[in-house]
Structures are given as structure tokens and as C-alpha cells.
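Note sheet for the following structure.
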Amino acid sequence: MAVWDDIKKQHKKVRKKGFKAMVSYFWDYYKVPTAVIIVIALFSFYLIRDMASNLPYGFYAMMINSTMHPDGEVIGEDFAGYAGIDTSSYNVLIDTNQTLSTSSYNTYDVSTQERIMAITAAGDLDVMIADQSVFEQYARNSYMTDLRDLMSEDELKKYDGYIYYVDGAILKAIEDGTYEQASSENTADNESQDSQDDPSVAGSNSAATDETISDEEISYMLGISSPSSIVSEDDFVLPDPDSMEDPVPVGIILSDTAFMQSTNTYAGSVPIFGIIGNSSRTDLAIKFLEYLNEYAPSES
């Protein structure tokens, strides 16, 4: 009790000496416990923040080569509400900032491809939306699900005229290596025939092999942006399933959806929607397709 009375007396003396004396007294006697409290508070703040930012994915979609780059965070929050995803427990990521050229690669293109490979291998990526050049590349590498495995015949029929097909026979040939072999043999035969028909072709091919490095290789090493490989809306041709040996529906054209019409996300090109083959959230992927069709911009 005597100690407590003494402390109160000291406080009264300090208060009489003014504000500076109070600050000095506080610093002398409480700086260590105050510092400890601040450190604990900061640690708690950053721990909670990191835990929140490292939530498991509840849904992950990637829009590649979008022209308008809409705010993915806003779209993610809107879709989470639409689909009933608890964002306090799961992270909804709509990545709208990725670009990729398929005509020639620079360091950024390689980085994007490696990222796609990594998140796909981890089972994180659910949906890919891309222009035809990129979508066709990944579809031919068996990244996309056969939509017949996820939709009934009637559900798929709703998208007649918007379904993107690839030839299953080509996918199988690519997988077992016979497609590349046949393509190489055809190319070699054509070059040989051209050389026989026109001797100048042989001379130009020989000259090309003498070059130590091409302009494309220089651009690649310097990280200069690759020339665009995006297929424009005017040049887009929807693959005809009747011309295929084994037509497989792997994508949905999104050009006329409410989302694309409202946001112009792929102005000048044709966006194609596909569901990643190893996604464990295919129900939400289908829900995202519905969301894009029924999209209504928020009133803010």
C-alpha cells in the first residue's frame, strides 16, 4: 500500500511540472513495456493480415490478353457474392493483367507460361479466358475440360453457335508425338520440293543458317515485347466441328455475354472461356460462366 501511495505522489509532482515533465517521466519509466506492447500489436496485425491474404483459393480465373484490364478485385468480390463464396475463409482471384504472345517469346511471356504451369499443376486455376491464339495453344495441350463431362446435352445446347471445338484426333496425335512427326515430315517434303523447283530457295536457306543470331533472338534476350499474336475479331474464324474427325467442345465464345458487352474487356478480339482439366471447383467454373452471361454492373 505504501508503494502505491508513493507512486501516486510521484504522479502528482510530475503533473505539476507540466507536459514536458510528464513525457520525460513516461519515457523513463514506461518506454520498455510500451515498446513491447507496440511490437506485439504490430506482430498481431501483420499475422492477421498475412493469414487473410494467404487464404486458400475458393475460385481462380485468369483473363489473358484482355485489352481493357478491368479491376479483378472488384469482379472477384462481385462474383463471390453471386456464387455465395465466403471471402473470410476463401480467396477469390480474377487475374486480368496477364499477357502472352504465341508468335515469339520474350522473358515476360516465358514468365507467364511458367506461372500458368505452376498454378495449374497445383490445382489452383479453375478457368482460363483468352483470345484464340492463346486458347488454341492451351486447348491443344489438353489443358481444357471436355464440356460434355460437365454439362448436360440441353445445357450445352444453350451455347449453340458459341461453342469452340478442337479435334480430339489431333489432341491424341500431339500427345503420342505422331502429330509433330507428321508435321515435320510434311514441312521437310515441302522445303525439298521448293528447293528443286527454285534453286534460289536453297541459296536463301543456306544463307539463313550462316546468320549467328536472328532479330527475334536478340529481342528475346533483351526482353523486348513480343509482336502481338492476338487474332483480331475481324480475322476470327470459329472452328467447324463438321470438318473434324473427333470434335471436342472445350470452350465458349464470350463476345455477346453481358459482361463483355458492358466492360469491353476484349475489345477488338474474341474471348474464349475454358475450364481447366484438373479443376476441383468445376461447379463454380460453370457458375462463373453464368455470371458472365447475367452480369449487371454495380450501381456505385
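First residue of the sequence shown: 3, per the numbering used here; consecutive thereafter. Positions of the beta carbon are idealized from the N, C-alpha and C atoms, including for glycine. Computed from a predicted model, the values in this text were never measured in an experiment.
Worksheet item: Looking at the structure shown, is residue 285 part of a helix, part of a strand, or coil, going by DSSP?
Response: Three-state result, residue 285: helix.
Discussion item. Considering only DSSP beta bridges, list what residue 62 is partnered with.
Written reply: DSSP lists 95 as partners of residue 62.
Discussion item. Nearest by alpha-carbon distance to residue 281: which of 234, 262, 126, 288 is it?
Written reply: The candidate whose alpha carbon is nearest that of residue 281 is 126.
Practice prompt. State the CB to CB distance for the pair residue 274 and residue 132, rounded to an integer number of angstroms; the pair is presumed to be in contact (CB under 8 Å).
Written response: By a beta-carbon distance limit of 8 Å, residue 274 contacts residue 132. Their separation comes to about 6 Å.
Fill in: contact_flag[the segment 99–113, the segment 54–73] where n(CB pairs < 8 Å) is 3 or more
yes
Worksheet item: The alpha helix (DSSP H) with residue 118 in it runs from where to where?
Response: 109–123
Worksheet item: Among 279, 289, 260, 291, which residue has its Cα nearest to the Cα of residue 121?
Response: Distances from the alpha-carbon of residue 121 to those of 279, 289, 260, 291 put 279 closest.
Worksheet item: How is residue 74 classed by DSSP in three states: helix, strand or coil?
Response: helix
Worksheet item: If you run the structure through DSSP and keep just helix, strand and coil, what is residue 257?
Response: coil
Discussion item. Count Cβ pairs between the segment 147–157 and the segment 238–258 that sit closer than 8 Å; are there 3 or more?
Written reply: yes
Practice prompt. Take the Cβ of residue 262 as the centre, count every other Cβ of all protein chains shown within 10 Å, and call the residue buried at 16 or more, exposed below.
Written response: buried
Item to complete: Could you please give the first and the last residue of the uninterrupted alpha helix (DSSP H) stretch that includes residue 172?
Response: 170–178
Worksheet item: Apart from the five residues on each side of it in sequence, which residues of its chain come closer than 6 Å, Cβ to Cβ, to residue 89?
Response: 82
Fill in: Span separating the alpha-carbon of residue 233 from that of residue 244
22 Å
Worksheet entry | According to DSSP, residues forming a beta bridge with residue 136 | Here residue 136 is not bridged, per DSSP, to any residue.
Worksheet item: Roughly how many angstroms lie between the CA atoms of residue 268 and residue 258, to the nearest whole one?
Response: Each residue's Cα considered, the two are about 11 Å apart.
Practice prompt. Write down the C-beta distance between residue 134 and residue 272 rounded to the nearest angstrom, noting that I regard them as a contact closer than 8 Å.
Written response: 6 Å
Practice prompt. Buried or exposed for residue 178, please, with buried defined as at least 16 other CB atoms from any protein chain shown within 10 angstroms of its CB.
Written response: Exposed, by the Cβ-count rule.
Item to complete: Look up residue 276 in the DSSP assignment and say whether it is helix, strand or coil.
Response: strand
Discussion item. Run through the DSSP bridge pairs and tell me what residue 299 is partnered with.
Written reply: In DSSP, residue 299 forms no bridge with anything.
Worksheet item: How big is the Cα-Cα spacing for residue 286 and residue 174?
Response: 28 Å
Discussion item. Using the Cβ count rule (16 or more neighbours within 10 Å means buried), how would you classify residue 119?
Written reply: exposed
Fill in: Cβ shell of residue 95 (< 8 Å), same chain only, five flanking positions each side left out
59, 61, 62, 63, 74, 78
Discussion item. By the three-class DSSP mapping on this structure, what secondary structure does residue 231 have?
Written reply: coil
Item to complete: Determine the DSSP secondary structure at residue 246, reduced to helix, strand or coil.
Response: coil
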